[in-house]
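**Q** The structure under discussion is supplied below as structure tokens; questions concerning it will follow.
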């Protein structure tokens with residue numbers, strides 16, 4: 100038995116069930132959270148609108164799952180060892196001999212010994228890279244054509260560099276203040292309010308530039324309007340470990356006491372504080388799905404945490420030190436210390452990371468930052484003598500969505516995307532730990548009425564509390580026993596008054612309801628002329 104297809108062939112039932120199960124798994128990936136529970140809604144109009152929206156979400160998820168199953172042109176792959184061979188023993192030279200010419204071009208070393216160490220950043224499409232040298236060298240490179248777009252020398256310390264919403268603008272954290280430059284190297288803005296910034300992060304969905312300075316102050320600035328959205332003192336000291344969760348836009352900071360704090364621009368206090376290490380935190384990274392966080396501490400441990408369920412114990416603890424961490428689009432974890440780079444992979448799908456690849460740069464080079472290039476199997480390494488690029492099979496997403504990030508977009512497409520992203524800009528209030536709450540219906544909380552016994556018990560407790568209060572002693576003639584007794588009675592009466600007033604209000608409400616019910620009872624026609632007529636208004 101089987102299912103007849105359009106071309107007349109018959110597909111076996113077992114194969115059909117296998118495909119449907121695979122599609123169900125893909126549909127869950129594209130669904131926008133759990134379905135809204137509409138049973139408790141009283142508003143029929145709102146209930147109908149939400150039902151239509153949920154149906155559209157389901158259809159779009161099914162269409163995306165089918166497109167991913169049948170229409171995507173490329174598939175990802177990883178290094179596979181044969182026999183007793185180990186993947187982490189495979190060198191970059193062996194990989195370069197086997198890959199095509201275009202991929203082999205992505206393996207190179209740029210040596211600039213007088214201007215490092217270098218920090219790197221890629222655009223969301225992975226086509227452009229910004230490199231910032233500690234000695235003041237800033238450069239923009241086109242990774243598709245392997246050409247230099249622009250380089251400038253600012254002649255002062257550069258601590259960090261980050262792209263804004265596209266490759267036309269980037270921000271650099273310099274010695275005293277952060278600066279914003281355009282693609283031609285022209286200085287556009289000097290953000291003096293931020294002070295001496297150590298780290299920069301850009302929230303692309305909210306168009307917010309976040310910074311942390313030497314004094315431990317966290318600032319958010321809107322790059323569209325130019326206004327300062329928030330300015331908070333963390334109170335946990337100086338830190339240079341800062342990352343943004345791509346899932347919800349929450350900024351995470353790693354502090355010297357081993358604490359990780361998470362912040363949003365609409366709250367002056369941390370959303371979450373978590374003791375992750377016994378010593379200072381040296382590096383941090385978030386998985387692309389936003390549910391997994393990796394932290395590294397001075398005690399030579401790397402810990403993986405599930406942000407959906409922050410238990411006392413991490414999901415996994417790996418031995419080793421890490422000065423920088425980064426997750427790839429497919430979930431590979433890169434860590435580096437000194438001149439050694441290691442790539443970890445969750446091969447079983449159970450968030451259990453094992454050694455996948457290793458790479459050693461020239462001895463004496465100190466790695467400053469590792470960063471995966473989006474939509475490419477490439478890892479960028481910024482170090483004290485320049486920067487390098489190595490091939491990591493399976494790290495990048497093989498298929499790109501041109502509506503999200505297009506490595507081959509033209510100038511016209513870039514302008515259109517910029518306008519659409521500005522129209523779709525999210526307000527700072529949408530940043531929260533659980534963004535699935537947005538768009539859901541807030542349940543109405545009904546106040547539970549207290550029983551008569553509970554009310555009497557509350558009143559007795561209030562009376563007992565004031566009985567022990569001794570009235571003040573007054574002058575002669577005003578401190579007689581009769582007056583003192585009268586004063587005590589007044590104190591007890593004042594304690595009872597709120598409860599008695601509330602009881603009186605409730606009794607009046609019940610009486611009004613009874614009166615309305617009596618008035619609504621329709622009398623026989625013969626007796627209606629005796630009923631009390633309402634006065635005309």
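Residue numbers (our numbering): 100 to 636. For every residue, glycine included, the Cβ atom is placed at its ideal position computed from N, Cα and C.
With distances taken between CB atoms, is the gap from residue 329 to residue 313 smaller than 8 Å?
**A** no
**Q** What are the residues that DSSP puts in a beta bridge with residue 560?
**A** Answer is none; residue 560 lacks a bridge partner.
**Q** How would you write the range of the beta strand (DSSP E) that residue 519 sits in, first residue to last?
**A** From DSSP, residue 519 is part of no beta strand (DSSP E) but of the alpha helix (DSSP H) over 510-522.
**Q** Taking 8 Å as the threshold (C-beta atoms), are residue 255 and residue 235 in contact?
**A** yes
**Q** Across the region 517-527 and the region 556-566, are there enough close Cβ pairs to call them in contact, namely three or more that are closer than 8 Å?
**A** no
**Q** With C-beta atoms as the reference, is residue 237 less than 8 Å away from residue 261?
**A** no
**Q** Please report the distance separating the alpha-carbon of residue 423 from that of residue 342.
**A** 11 Å
**Q** Exposed or buried, what is residue 460 when buried is set at 16 or more other beta-carbons lying within 10 Å of its beta-carbon?
**A** buried
**Q** In the structure shown, what three-state DSSP assignment does residue 116 receive?
**A** Residue 116 falls in the helix class under three-state DSSP.
**Q** From 129, 148, 125 and 124, pick the residue whose C-alpha is nearest to that of residue 135; which is it?
**A** 148
**Q** If you pair each beta-carbon of the region 213-233 with each one of the region 194-204, do three or more pairs fall below 8 Å?
**A** The region 213-233 and the region 194-204 do not touch, with fewer than 3 CB-CB distances between them shorter than 8 Å.
**Q** Which residues does DSSP pair with residue 504 in a beta bridge?
**A** Partner residues in a beta bridge of residue 504, as assigned by DSSP, do not exist.
**Q** Give the DSSP-derived three-state secondary structure of residue 460 in the structure shown.
**A** coil
**Q** I need the boundaries of the beta strand (DSSP E) containing residue 480, first residue and last residue.
**A** 477-482
**Q** Looking at the structure shown, is residue 255 part of a helix, part of a strand, or coil, going by DSSP?
**A** The answer is coil: DSSP assigns residue 255 none of H, G, I, E or B.
**Q** By the three-class DSSP mapping on this structure, what secondary structure does residue 581 have?
**A** The answer is helix: DSSP assigns residue 581 an H, G or I state.
**Q** Label residue 441 either buried or exposed according to how many other C-beta atoms from any shown protein chain fall within 10 Å of its C-beta, with 16 as the threshold for buried.
**A** buried
**Q** Please say whether residue 451 and residue 69 have beta carbons closer to each other than 8 Å?
**A** In the structure as shown, the chain starts at 100 and stops at 636, and residue 69 therefore has no counterpart that could be examined.
**Q** Starting from residue 153 and walking both ways along the beta strand (DSSP E), at which residues does that stretch end?
**A** Run containing residue 153: none in the beta strand (DSSP E); it sits in the alpha helix (DSSP H), 143-169.
**Q** Sorted by chain position, which residues of the same chain lie with C-beta nearer than 7 Å to residue 372's C-beta, five sequence neighbours on each side aside?
**A** 358 and 360
**Q** What does the Cβ neighbour count give for residue 218, buried or exposed, with the cut at 16 atoms within 10 Å?
**A** With a 10 Å radius around the Cβ and a threshold of 16 neighbouring Cβ atoms, residue 218 comes out buried.
**Q** Does DSSP classify residue 395 as helix, strand or coil?
**A** strand
**Q** What does a CB cutoff of less than 8 Å around residue 227 pick up in its chain, not counting 5 residues either side in sequence?
**A** Closer than 8 Å at the Cβ level, and outside the excluded window around residue 227, lie 221, 239, 240, 241, 242, 248, 262 and 266.
**Q** Just to confirm the assignment: which complete alpha helix (DSSP H) runs, minimum length 4, are found wholly within the region 209-252?
**A** none
**Q** Classify residue 100 as helix, strand or coil using the three-state DSSP reduction.
**A** Confidence at residue 100 is low in this model, with a pLDDT of 46, below 50, so its placement is unreliable and the value that follows should be read with caution. Note: residue 100 maps to coil in three-state DSSP.
**Q** In the DSSP output, which residue or residues are listed as bridge partners for residue 280?
**A** 269 and 286
**Q** Would a C-beta distance cut-off of 8 Å place residue 279 and residue 288 closer than the cut-off?
**A** Yes, the Cβ-Cβ distance between residue 279 and residue 288 is below 8 Å.
**Q** Give me the Cα-Cα distance between residue 495 and residue 143, rounded to the nearest whole angstrom.
**A** 46 Å
**Q** Using only the alpha-carbon positions, how far apart do residue 386 and residue 283 sit?
**A** 33 Å
**Q** According to the neighbour-count rule (16 or more other Cβ atoms, all chains shown, within 10 Å of its Cβ), is residue 273 buried or exposed?
**A** buried
**Q** Looking at C-alpha atoms only, which residue of 421, 419 and 403 is the closest neighbour of residue 413?
**A** 403
**Q** Determine the closest residue to residue 209 out of 162, 429, 566 and 482, with distance taken between C-alpha atoms.
**A** 482
**Q** Might you give, ordered along the chain, the residues of its own chain that have their beta carbon closer than 8 Å to the beta carbon of residue 598, omitting 5 neighbours on each side?
**A** 554, 557, 558 and 561
**Q** Would residue 397 and residue 381 be called neighbours here (beta carbons separated by less than 8 Å)?
**A** yes
**Q** With a cut-off of 8 Å on the beta carbons, I'd call residue 137 and residue 127 a contact; round off their distance for me.
**A** Wrong, their Cβ atoms sit about 20 Å apart, outside the cutoff.
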